[in-house]
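K.L.:
Quick one: the structure is below, and I'll ask about it shortly.
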Amino acid sequence: MLKRKNTKQKKISATFLAFVTPTLDPMGLSPADPESETLIRVCWATWNAVVFADFVGRTDLLDALLDPARSSLASVILVKALVERKRSRRFAADDRLIGDYKIRVVDGEIRLWAEARDPYPKDQTAS
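Under the working numbering, think of the first position of the sequence shown as 8, with each following residue one higher.
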């Protein structure tokens with residue numbers, strides 16, 4: 008069963024930045040650091056996999072991220088922590104997929120642009 012879409016949401020770029028930052032902070036990284044790109048990609052993949060699992064009922068993407076045969080133990084632990092964060096009160100109701108994103112620094116400020124996408128098939132959108 009599809010869940011109802013949440014229509015009162017902040018910009019996906021601000022939401023994604025808030026989701027990513029706690030993963031980077033303990034390592035002393037900012038989203039603008041080139042070294043952070045791999046971690047941001049893991050955050051992006053996990054966010055989208057949880058949206059598909061929780062709102063559309065498609066669990067194959069999340070199952071693949073959590074499969075120890077496909078990833079290192081450290082990666083699986085990271086993904087589990089990200090899944091828990093996505094399902095936390097702050098992010099759980101957000102049913103948007105994150106498409107393309109870009110990070111840049113403008114006048115010393117980190118700016119993230121992200122594209123929100125609808126996960127629902129056109130013929131099965133919840134009302």
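Here a beta-carbon is modelled for each residue, glycine too, at the ideal position from N, C-alpha and C. The structure displayed is predicted, hence computed values, not measured ones.
(1) For the putative contact between ALA1 and LEU72, defined by C-beta atoms under 8 Å, what is the C-beta separation to the nearest angstrom?
(2) Find the nearest neighbour of PRO38 within the set LEU24, VAL49, TRP51, judged by alpha-carbon distance.
(3) Nearest-angstrom Cα distance between ASN55 and GLY106?
(4) If you draw a straight line from the alpha carbon of ASP4 to that of VAL86, how long is it in whole angstroms?
(5) For a test of the three-state rule: what should DSSP assign to ASP70, helix, strand or coil?
(6) So, helix, strand or coil for LEU93, using DSSP?
(7) Under the three-state reduction of DSSP, which class applies to ASP101: helix, strand or coil?
(8) Look up ILE117 in the DSSP assignment and give the residues it is bridged to.
(9) Hey, out of THR30, ASP40, TYR127, whose CA is closest to CYS50's CA?
(10) My output table needs one value for ARG48: the three-state DSSP class, helix, strand or coil.
P.N.:
The answer reads as follows:
(1) The requested residue 1 is not part of the displayed model; the chain covers only 8 to 134.
(2) Within the sequence shown, residue 38 is the residue found at index 31, counting from 1. Out of LEU24, VAL49, TRP51, LEU24 has the C-alpha closest to the C-alpha of PRO38.
(3) For the purposes of this step, residue 55 is taken as the residue at position 48 of the sequence shown. For the purposes of this step, residue 106 is taken as the residue at position 99 of the sequence shown. Using only the alpha carbons, I get a separation of about 9 Å.
(4) Any property of residue 4 remains undetermined from this structure, which presents the chain solely from 8 to 134.
(5) Residue numbering aside, residue 70 sits at position 63 when the sequence shown is read from its first letter. Here ASP70 sits in helix by DSSP.
(6) On the sequence shown, residue 93 is found 86 positions in, with the first residue counted as 1. Just to set this straight, residue 93 is Lys in the shown sequence, not Leu. In this structure, LYS93 counts as helix in the three-state DSSP scheme.
(7) Here residue 101 is taken as the residue at index 94 of the sequence shown, counted from 1. Under the three-state reduction of DSSP output, ASP101 falls in the coil class, being neither helix nor strand.
(8) Locating residue 117 in the sequence shown gives position 110, counting from the first residue. Bridge partners of ILE117: VAL112.
(9) What you label residue 50 is simply residue 43 of the sequence shown in a count that begins at 1. Taking only the C-alpha atoms, the option nearest CYS50 is THR30.
(10) Position 41 of the sequence shown holds residue 48. Looking at ARG48 - three-state DSSP - the assignment turns out to be helix.
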